[in-house]
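S.K.:
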Amino acid sequence: MDRIRIAGPCTLSGRVRVSGAKNAVLPEMAAMLMIDGPTRLTNVPDVHDVTTMIKVLGHLGMQDLELRDGVLTAAGCEPSEPEAPYDLVRKMRASILVLGPLLARLGRAKVSLPGGCAIGARPIDLHITALRQMGARIDIEHGYVVASGTRLRGAQIRFDKQTVTGTENIMMTASLADGRTVLRNCAQEPEVADLAAFLNACGARIEGAGGATVTIDGVDRLRGATHAVIPDRIEAGTFLMAAAATGGGITVEACRPDHLGAVIDTLRRCGVQLQEQGDAITVRPDGPLRAVDAKTLPYPEFPTDLQAQYMALMTRARGDARITETVFENRFMHVGELRRMGARIEVEGQTATVTGPAPLSGAPVMASDLRASACLIVAGLQAEGETMISRAYHIDRGYEHVVTKFRTLGARIERVRG
Ligand code: EPU
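Residues 72 to 489 (the working numbering) are what the sequence shown spells out, left to right.
#1: Could you tell me the alpha carbon to alpha carbon distance between valine 334 and methionine 312, rounded to whole angstroms?
#2: I want to know whether the region 198-211 touches the region 242-262 - three or more CB-CB distances under 8 Å.
#3: Please give the ranges of any beta strand (DSSP E) in the region 145-172, keeping only runs that are unbroken, at least 3 residues long and fully inside the region.
#4: Mapping the DSSP letters down to three states, classify histidine 198 as helix, strand or coil.
#5: So, are the CB atoms of alanine 258 and histidine 298 less than 8 Å apart?
#6: Measuring alpha carbon to alpha carbon, tell me which of Ala482, Ser444 and Ala450 ends up nearest histidine 465.
#7: Buried or exposed, going by whether 16 or more other CB atoms sit within 10 Å of the CB of serine 151?
#8: Can you list, in chain order, the residues of its chain with a C-beta nearer than 6 Å to that of valine 235? Leave out the 5 residues immediately preceding and following it.
#9: Decide if the region 267-281 is in contact with the region 303-321; the criterion is three or more beta carbon pairs, one per stretch, under 8 Å apart.
#10: At a threshold of 7 Å, does valine 363 count as lining the ligand EPU (C-beta to nearest heavy atom)?
#11: Residue range of the beta strand (DSSP E) that isoleucine 211 falls in?
#12: How is lysine 366 classed by DSSP in three states: helix, strand or coil?
#13: Under 8 Å, with one C-beta from each stretch per pair, do the region 94-106 and the region 171-185 reach the 3-pair mark?
#14: Do the CB positions of aspartate 376 and isoleucine 305 come within less than 8 Å of each other?
#15: Hey, is arginine 415's beta-carbon within less than 8 Å of any beta-carbon in chain B?
#16: Counting only the same chain and skipping the five closest in sequence on each side, list residues whose C-beta sits under 6 Å from that of alanine 351.
#17: Could you check the C-alpha separation between threonine 337 and lysine 126 for me, to the nearest Å?
#18: Closest to threonine 397 by CA distance: which of Arg411, His405, Phe373 and Asp391 is it?
#19: Using the Cα positions of alanine 516 and aspartate 303, report the straight-line distance between them to the nearest angstrom.
#20: With a threshold of 7 Å, establish whether the CB of glutamate 260 neighbours any heavy atom of the ligand EPU.
#21: Is it right to say aspartate 467 is buried, meaning 16 or more other beta carbons lie within 10 angstroms of its own, or is it exposed?
#22: Does the region 75-84 come close enough to the region 450-458 that 3 or more CB-CB pairs lie under 8 Å?
#23: Specify the secondary structure class of arginine 203 as computed by DSSP and reduced to three states.
#24: Would DSSP call tyrosine 470 helix, strand or coil?
#25: To the nearest angstrom, how far is it from the Cα of proline 359 to the Cα of alanine 388?
#26: Rounded to whole angstroms, what is the Cα-Cα separation between threonine 309 and threonine 221?
#27: Leaving out five residues before and five after histidine 119 in sequence, what residues of the same chain have Cβ atoms less than 6 Å from its Cβ?
#28: Restricting to Cα atoms, I'd like to know which of Gly191, Ala414, Pro371 and Tyr370 is closest to threonine 386.
#29: Can you tell me which of the three DSSP states arginine 402 falls into?
#30: If you compare alpha carbons, which of Ala314, Val87, Arg88 and Glu239 is closest to isoleucine 167?
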């Protein structure tokens, strides 16, 4: 298993380009199951989750997917197999995104229940309730969601809780259903809006995506199109926090500052000097940081996917920062590793209080999930001495060329094979 070695501390400088958003491309790839004719996605990140989704789609009969130089093409063959097996789904929860498209295209689907993961139980009850409201028959059998329904009908659906992949799954299904579907209390993440933009380019009729209410008028078929995936706001935020944590000055290019409002606002309140210019954000080296509280909530509030990285940053800020996680119930696995590096963090319920500044020292640490591994990189870059992060495969799931990008910014970081 690969590890990542960092010789700290270092001060980042230079320019870095953000890749396409993993959480936008995954539902867009699942949507390919519903599309007739050649499709092309550009700005696709070469990350393990994309490779896993290519395998999932290949298993479902789409053997013609090719990712080259950030462009993913599909010739547009129909799925022939309605079953996504446990072995594939357990590797990546986002595989549940094939449920709606398979059902819409083939009238049946059998998808392994993803189960819990390191950050929480992560049920899919809201996906299932909504599909039932559209007339699908759904049973849970032997660990699988077994769904059928030849022509689903539009429905009025209100999600009890905002769910990103739930909104995406139902938006896709409704695109090929009879009549109008109105979804309320939808997730408003930019990735949901990007999926709708892609589907609309393919002939779908979706309005309001990115807002709380989404209206979808079903169409008979979707045809292939070309679509550029939005930049990864979480990768961009990770670079901003890494630069601030090292007292460095960098420019993050090809990003969408408008997707990072709550993050930019929080960092500014910490005293980080940020300048937005078109699709770039520059962090300027500056003085000491102030501790600022943060609470994760659905978009447009502070994202749970940057909570861990922000915690690593707060170890060098003056004062107490209370970081509250409200989206997932178990997303503090990185706390123990940060403490081993010298961080002073107390956890009570869903709130972690970071007291700083607490200079970090390098240590062998273990990544528990994708964003926790990014947190450990942010910590390792500011720590004195060597940090060795094991289970590097977590970071490869969602950060493209992460070691190369940090090296370009002057970090002494390397991958240790084996
Ligand atoms: N929830 C339910 N029932 C459901 C669905 C969700 O109770 O049927 C709960 C979840 O347990 C959680 C909350 O609702 O407490 C929000 O979960 P959501 O469904 O929005 O999460 P997700 O769609 O499974 C996506 C991202 C995650 C990101 C979350 C929150 C993708 C592929 N994944 O997950 O990304 O953290 O939204 O923004 O889009 C990551 O990239 O590291 C990552 C985990």
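Glycine included, each C-beta is placed from N, C-alpha and C at the ideal position.
Since the model is a prediction, treat every value here as computed from it, not as a measurement.
M.R.: Let's see:
#1: If I take the Cα positions, the gap works out to 9 Å.
#2: Of all C-beta pairs linking the region 198-211 to the region 242-262, three or more are shorter than 8 Å, placing the two stretches in contact.
#3: Counting whole runs of 3 or more residues, the region 145-172 contains no beta strand (DSSP E) stretch at all.
#4: It is helical.
#5: For alanine 258 and histidine 298, no; Cβs fall outside 8 Å.
#6: Measuring from the Cα of histidine 465, the nearest candidate turns out to be Ser444.
#7: In the assembly as shown, serine 151 is an exposed residue. Its beta-carbon has fewer than 16 other beta-carbons within 10 Å.
#8: Cβ-Cβ distances below 6 Å link valine 235 to Ala258 and Glu260 in the same chain, with the five nearest sequence neighbours on each side left out; the list follows chain order.
#9: Taking one beta carbon from each stretch, the region 267-281 and the region 303-321 have fewer than 3 pairs nearer than 8 Å; the two do not touch.
#10: The answer is no for valine 363.
#11: In the DSSP assignment, isoleucine 211 falls within the unbroken beta strand (DSSP E) covering 208-212.
#12: In the structure shown, lysine 366 sits in a strand (DSSP, three-state: E or B).
#13: The region 94-106 and the region 171-185 touch, with no fewer than 3 CB-CB distances between them shorter than 8 Å.
#14: For aspartate 376 and isoleucine 305, yes; Cβs fall inside 8 Å.
#15: In summary, chain B is missing from the structure at hand, where a single protein chain is found.
#16: The answer, listed in chain order, is Thr322 and Glu324.
#17: Between threonine 337 and lysine 126, the C-alpha separation is close to 39 Å.
#18: The residue among Arg411, His405, Phe373 and Asp391 with its C-alpha nearest the C-alpha of threonine 397 is Phe373.
#19: Here the chain covers residues 72 to 489 and nothing more, so residue 516 does not appear.
#20: Checking every heavy atom of the ligand EPU against the Cβ of glutamate 260, one is found closer than 7 Å.
#21: With 16 or more other Cβ atoms within 10 Å, it is buried.
#22: Taking a cut-off of 8 Å for Cβ pairs, the region 450-458 and the region 75-84 touch, as three or more such pairs fall below it.
#23: Note: arginine 203 maps to helix in three-state DSSP.
#24: The three-state reading of DSSP puts tyrosine 470 in coil, since its state is none of H, G, I, E or B.
#25: Those two C-alpha atoms are separated by around 7 Å.
#26: Whole-angstrom Cα-Cα distance: 44 Å.
#27: Within the same chain, Cβ atoms closer than 6 Å to the Cβ of histidine 119 are found at Asp467 and Arg468, the five residues on either side in sequence being excluded.
#28: Among Gly191, Ala414, Pro371 and Tyr370, the Cα nearest to that of threonine 386 is on Ala414.
#29: Coil at arginine 402, not helix or strand.
#30: The residue with the shortest Cα to Cα distance from isoleucine 167 is Glu239.
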